[in-house]
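In the numbering used here, the protein residues as written are -19 to 127.
Quick reminder that beta carbons are idealized off the backbone N, C-alpha and C, glycines included.
For reference, the structure discussed in these notes is given below.
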Ligand SMILES: CC(C)(COP(=O)(O)OP(=O)(O)OC[C@H]1O[C@@H](n2cnc3c(N)ncnc32)[C@H](O)[C@@H]1OP(=O)(O)O)[C@@H](O)C(=O)NCCC(=O)NCCS
């Protein structure tokens, strides 16, 4: 069944947090951080549902002219079935509708799944921040023109 997306709501946060905690490579946000995204006028927080179950989510900030992608994750048992790409395409289309010109993000240098996802969607590597993460891993900076 094709997944669907909608704006996140407070009732979604338990399922969102369960996914966030299930991967070592997410931003590691707390409930308070997700709650603040629900309130933040810059934030676009989208969830994906499959067969009535919350199976993924993505958050970006609209900071014209940029869409800053902050978090994207799928449930581990929904991985590698196209859901991450579907969510990414949904938020990129949303960003285009908002008139944003560029999508930007940073990703752990060792996060092969995310790097491959972003490359497949057309993102290019534009920089690197050495030892950016608290555990010493580098961040790779990527962007994609939206025009
Ligand atoms: C990154 C993530 C969202 C990808 O979601 P997904 O639903 O598994 O990805 P898709 O099935 O849509 O895959 C799209 C493409 O991404 C790449 N990809 C996804 N998972 C991969 C993996 N484990 N290894 C290598 N490439 C992978 C492939 O290029 C894939 O295309 P293909 O299946 O045609 O080869 C998912 O792995 C995830 O939630 N990771 C944990 C959270 C995270 O690290 N988020 C990124 C923070 S910047």
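In this structure, residue 44 and residue 80 form a Cβ contact; the two beta carbons are roughly 6 Å apart against a cut-off of 8 Å. Here the alpha carbon of residue 59 sits roughly 12 Å from the alpha carbon of residue 66.
With a threshold of 16 other beta carbon atoms within 10 Å, residue 120 meets it and is buried.
Taking 7 Å as the cut-off, the beta carbon of residue 19 is found no closer than this to the beta carbon of residue -16. The alpha helix (DSSP H) runs lying completely inside the segment -16 to 66 and spanning 4 residues or more are -7 to 2, 11 to 19, given in chain order. Bridge pairing for residue 125: 82 [DSSP]. In this structure residue 42 touches residue 22 by the C-beta definition: roughly 6 Å separates them, less than 8 Å.
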